[in-house]
Each structure stands twice: as structure tokens, then as C-alpha cells.
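Student: Mind having a look at this structure? Questions to follow.
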Amino acid sequence: ENSGPFIQYAYTRTRGILRKAGEVPEEFDASHLREEIEIELIYKIAELPETIRNCYWLMRPDILAQYANDLAMLINKFYEKCPVIAAPKGVREARTALVKAASIALGNAMDILGIPRLDKM
783 ENSGPFIQYA YTRTRGILRK AGEVPEEFDA SHLREEIEIE LIYKIAELPE
833 TIRNCYWLMR PDILAQYAND LAMLINKFYE KCPVIAAPKG VREARTALVK
883 AASIALGNAM DILGIPRLDK M
């Protein structure tokens, strides 16, 4: 927790899930995302633009670092509680799309912070 490798590990997990899942569906039924951790993850992903603005205007990169750490924690919690590959088709598609969104958000935060993206660890 609270380290570059912790954030990289969560990012690597998303990449592994996406590799195993194959193609991410263009369309999916978001109503399949009902677990509390799924909703938390959606809200955290949505916070990225505002977090970047706050980081910039307040000149506090620690705000983005904390965001990346919090997102990594949620990704790890999601990974433990919500199977993606073994889930029924509709749930699998929705969760795969959620993992892709989380991967993009965390990857963008990592790029801004200068944390290298790793596909494998």
C-alpha cells in the first residue's frame, strides 16, 4: 500500500484479466454491476478528471498519488470479490468493461505520476 509497486501490481492485475477475457465488448448491460465494490469502483474511476484538476490547481501531486493508491486498493478488492472470467456471460461482459475502465484510469494516473506501466510482474 502507498507505493509505486502496489499501484503497478493492481494495474498488472487488470492487464492479466483483460488478456484472459479476450475482446472487451463494445456494448454491455451495466445493470449486471450490482455488487457494492463494483459501484465503488465506478465512482472512483469517475473521480479521475476532477482529481487531476485539483492536483493541478492546488499544485499538489500527492492528491493524484492518493487517488492512484485508492483506486489500486479498490481494484484489488474487486479482484478478490468479483470473478470476471468465471462469471455468467452478461456479468462477465460488464465486469470486463469495468476492468478495462479501471485499467485506463489507473494507467493514466500512473503516466502523470511517472510510474511505469507493467503488463506483467
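Start counting at 1 in the sequence shown, then tack on 782, and there's your number in the working numbering.
Note that beta-carbon positions come from the ideal geometry of N, C-alpha and C, so glycine has one too.
1. If you count every other CB in all the chains shown that lies within 10 Å of the CB of E729, and 16 or more means buried, which is it?
2. Please return the same chain residues whose Cβ sits closer than 7 Å to the Cβ of E817, not counting the five positions on each side in sequence.
3. Just verifying my parser: in three-state terms, what is the DSSP assignment at S785?
4. Excluding five sequence neighbours on each side, which residues of the same chain lie with their C-beta closer than 6 Å to the C-beta of T794?
5. Under a Cβ-count criterion, where at least 16 other Cβ atoms within 10 Å of its own Cβ denotes burial, should E875 be classed as buried or exposed?
6. When the distance is taken between beta carbons, is A850 closer than 8 Å to L888?
7. Are V873 and A803 closer than 8 Å when you measure CB to CB?
8. Of all the options A812, D811 and L846, which has the alpha carbon lying nearest to the alpha carbon of P831?
9. Taking 7 Å as the limit between beta carbons, can you name the residues of its chain near D811, skipping five residues before and five after?
Tutor: Quick answer:
1. Past the boundaries of the shown model lies residue 729; the chain is included only from 783 to 903, so the question cannot be answered.
2. On the sequence shown, residue 817 is found 35 positions in, with the first residue counted as 1. Around E817: K863 and C864.
3. Here residue 785 is taken as the residue at index 3 of the sequence shown, counted from 1. Reduced to three states, the DSSP call for S785 is coil.
4. For the purposes of this step, residue 794 is taken as residue 12 along the sequence shown, with counting starting at 1. Excluding sequence neighbours, T794 sits near L900 and M903.
5. Here residue 875 refers to the residue found at position 93 when the sequence shown is read from its first residue. Buried.
6. Mapped onto the sequence shown, residue 888 falls at position 106. Mapped onto the sequence shown, residue 850 falls at position 68. Cβ atoms of L888 and A850: closer than 8 Å.
7. One-based indexing of the sequence shown puts residue 873 at position 91. One-based indexing of the sequence shown puts residue 803 at position 21. Judged by beta-carbon spacing, A803 lies beyond the 8 Å limit of V873, meaning their Cβ atoms are not closer than that value.
8. On the sequence shown, residue 831 is found 49 positions in, with the first residue counted as 1. The residue with the shortest Cα to Cα distance from P831 is L846.
9. In the sequence shown, the residue the question calls residue 811 occupies position 29. Within the same chain, and ignoring the five residues on either side of D811 in sequence, the residues whose Cβ sits closer than 7 Å to its Cβ are G872 and A876.
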